[in-house]
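Each remark here refers to the structure printed beneath this line.
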Amino acid sequence: MGLISVVRFLAPYLPLLPVEASLGCRPPGPVVPRPRDISRHALFTQATNKLRDALESVLVGDLEAGWAVENTSFSIGLHDSETRILPGPLGAFSVSSALGDATVPVWEYHHLAPTNTNGTKDLTRHSQYLVGSVSKVISDYILLRSGLDLDESVVVFLPELASAESLIAWNDVTLRHLANQVAGIPPNYGFSEYYYLKDYFESLGFPHIDDEAYAPCGITGLNSGCTREQFLKGMVEIHPVARPAERPVYSNIAFTLLMYAVGGQTGRNYSELLKTYVSIPLGLTNTVVSPGDDSKAVIPPVDNSWGSNYGDNAPGGGLVSSLSDLSVFIHGILDRSIFDSDTAVHEWLKPTSSTGSLYSLVGAPWEIFRAQNLTPDHPHVVDIYAKGGSAYGYQAQIAVVDEYGAGIVLLTAGSTLASSFIYDAILNMIVPTLDEIARIQAIEGGYAGTFVVGPVGSSTASSLATNRESERVTFNVTVTQDKDSLVLQCIERNGTDILASFQEIWSVTIGGFLALTPLKARMFPIDIRGKDSTTMLDGDERNILRQDWRIEWDLAPNGHTDLPGAGLSAGNCLAWTLTDWMYYGSDPIDRIVFVLDAGSGEVIGLEIPYLRSGILQPAKVF
2 MGLISVVRFL
12 APYLPLLPVE
22 ASLGCRPPGP
32 VVPRPRDISR
42 HALFTQATNK
52 LRDALESVLV
62 GDLEAGWAVE
72 NTSFSIGLHD
82 SETRILPGPL
92 GAFSVSSALG
102 DATVPVWEYH
112 HLAPTNTNGT
122 KDLTRHSQYL
132 VGSVSKVISD
142 YILLRSGLDL
152 DESVVVFLPE
162 LASAESLIAW
172 NDVTLRHLAN
182 QVAGIPPNYG
192 FSEYYYLKDY
202 FESLGFPHID
212 DEAYAPCGIT
222 GLNSGCTREQ
232 FLKGMVEIHP
242 VARPAERPVY
252 SNIAFTLLMY
262 AVGGQTGRNY
272 SELLKTYVSI
282 PLGLTNTVVS
292 PGDDSKAVIP
302 PVDNSWGSNY
312 GDNAPGGGLV
322 SSLSDLSVFI
332 HGILDRSIFD
342 SDTAVHEWLK
352 PTSSTGSLYS
362 LVGAPWEIFR
372 AQNLTPDHPH
382 VVDIYAKGGS
392 AYGYQAQIAV
402 VDEYGAGIVL
412 LTAGSTLASS
422 FIYDAILNMI
432 VPTLDEIARI
442 QAIEGGYAGT
452 FVVGPVGSST
462 ASSLATNRES
472 ERVTFNVTVT
482 QDKDSLVLQC
492 IERNGTDILA
502 SFQEIWSVTI
512 GGFLALTPLK
522 ARMFPIDIRG
532 KDSTTMLDGD
542 ERNILRQDWR
552 IEWDLAPNGH
562 TDLPGAGLSA
572 GNCLAWTLTD
582 WMYYGSDPID
592 RIVFVLDAGS
602 GEVIGLEIPY
612 LRSGILQPAK
622 VF
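Residue numbering for the sequence shown follows our numbering, beginning at 2 and increasing consecutively.
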């Protein structure tokens, strides 16, 4: 088959890519390796000092707070994915221990409002707050741990919903739909009725209604909380908000149904499920169903719901927790230990539906914010996997910034305005700092530089076996870092410019059906590492691990047209479909491997598998 025939054969199997790839079209994940040991880095210390100074300036009135400072207490914890040792009463122990105190924030800040008269007088990381809808994250975690088939219809577990009279197609609603907020069911049952405002509604022109028009349970000021039987009967009578899987619809009652399903299969109520799957395995001593412990509580001097009995609504918003407990939980996500595999954590963090915004996605039950302007010196999208929660007098916010292996816990009691202002300040001061630390450490760790074949006689010296002879092969590979990412600047093999050769290959293969030209070879790490092994480098045995990276090309569109709408679809980022597309001798041409010292994490070499390079060493060692 001739070359042109091959190109025509392959064309139907490749996507149409009218897109200019750039850092804005990079694969999701870190741009450079995640920062390490941030608590010891001078830039992190400077950023947290500035954050502390800003908070204290607000508290003393030198800066406008935007909330009632005298009535508002709060706790902040910043986290990374690294394991630290904390001395305890039984000696030193690590975060892998079941003892919750083992995980501490890399930075924390607490403020107890001066007008607090009830609850704790000593606000620490162990103090208890209501966390509102952060409870949904815990409930989804219980569901995932339970082993139930998420793609089964909810009626398999709750046959009471299988009524021909139901307005909602419960047979089509799966546990996954409920967990992902795409079941299309209402947010609440009963709770959304403001019975105490009945007369006020009428004064505004609403018609008079009798009490019989309200739901038979769950109406504050009218009747008691719902029993399980009443709740499920109500689910047959409520109206759908959307079709299942059509679009996200925020729902508290989804989590009541989920815990009914898990409870029915396990024979445990929600408090018992919480202990079985969360509190005992993770060592969380302050995460309980409301009401919590008054002596540990942060109780604001404003109207609040501390001490409330949420009943069967607890799975969606009725948990009490503390900074220490949520630190353990967030750390388990960051270091991938909260599930039995990295894959399970990656899957949990993935979005499952979109919203009408370019910057907001929905997960299980993550509220994923695709921040556009957090790293102004190195502009790119930063994905923040977050969940907010509210209860009367309380706001809570947790966030995983996985690109940097970082997490945030913010708990407030008092003004409802404080949480969003403080959270934005944290993101503004901390995220760009983590980005800068990661880029500095990439340079210091040896990722950028020139890599060459080791000395003659070294086990890393490359050779090419041919049918005629064995010849020594020379390599010169240069990796640089621009304002956006690492760039594979040069690959020379025996004096030949391999990147230029690649562009020629592109022109007669992919370029035959895609009007795009590759310009710059950007490099991005992926979460794939080989097992530790040993190798000989310059006569010394070294313990090493191999870290995979992939090349993503900046692509320039070819051609020009005077037709209207030219370039309209350029923002449709489809460059990801070219990953791993071209091979040479069973090795992908876009795969680069850094060789790290297994102990220090320092780069001690680089491999280009498709060129059979062997381990190329940093030029500075010669």
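For every residue, glycine included, the Cβ atom is placed at its ideal position computed from N, Cα and C.
For S508, the enclosing alpha helix (DSSP H) covers residues I499 to V509.
For T580, the CB contacts under 8 Å within the same chain, skipping 5 residues up- and downstream, are P28, R551, E553 and D591 in chain order. Ranking T228, M583, I431 and D436 by CA distance to the CA of Q504 puts M583 first. For V402, there is no enclosing alpha helix (DSSP H); the enclosing beta strand (DSSP E) covers residues Y395 to V402. In this chain, the alpha helix (DSSP H) harbouring S58 covers A43 to L60. Sequence-distant partners of D533 (beyond 5 residues in either direction) whose C-beta falls short of 8 Å from its own C-beta, in its chain, are N544, I545, L546 and A599. Per DSSP, the continuous beta strand (DSSP E) segment holding A372 begins and ends at E368 to A372. Ranked by Cα distance from S325, the first of R126, L569, L24 and S74 is R126. If the five residues before and after K521 are omitted, its C-beta is found closer than 8 Å to the C-beta atoms of V488, W554 and D555, all from its own chain and listed in chain order. In chain order, H178 and V183 place their CB closer than 7 Å to the CB of A246, counting only its own chain and leaving out the 5 sequence neighbours on each side. For D588, the closest of L597, S342, S147 and P610 by C-alpha to C-alpha distance is P610.
Sixteen is the threshold: when 16 or more other Cβ atoms of the shown chains lie within 10 Å of the Cβ of L162, as they do, the residue is buried. Between V604 and G408, the beta carbon gap of about 27 Å keeps them out of contact (Cβ cut-off 8 Å). Taking Q266 as the centre and dropping the five residues before and after it, the same chain places the C-beta of S147, L149 and F158 closer than 8 Å to its C-beta, in chain order. In the DSSP assignment, W582 falls outside any beta strand (DSSP E), carrying neither H nor E.
In the structure shown, the three-state DSSP call for R269 is coil. Here L359 carries a coil assignment [DSSP, helix/strand/coil]. For D200, the closest of F192, E194 and H209 by C-alpha to C-alpha distance is H209. Collapsing the DSSP output to three states places S614 in coil. Going by beta carbons, Q618 and G606 fall inside the 7 Å limit. A392 is positioned such that its CB atom lies no closer than 7 Å to that of L198. Taking C-alpha positions only, E348 is separated from Y360 by approximately 20 Å. Taking C-alpha positions only, I616 is separated from G394 by approximately 59 Å. One thing to note: R41 has its Cβ no nearer than 7 Å to the Cβ of G406. The alpha-carbon of P241 is positioned some 10 Å away from that of V250. D436 and A214 have their alpha carbons spaced roughly 56 Å apart. If you compare the alpha carbons of T417, S342, N172 and G133 with that of P292, the shortest gap goes to G133. In the DSSP annotation of this structure, the continuous segment of the alpha helix (DSSP H) that includes H178 starts and ends at L176 to A180.
For E368 against K351, the beta-carbon gap comes to about 14 Å, at or over 8 Å, which does not count as contact.
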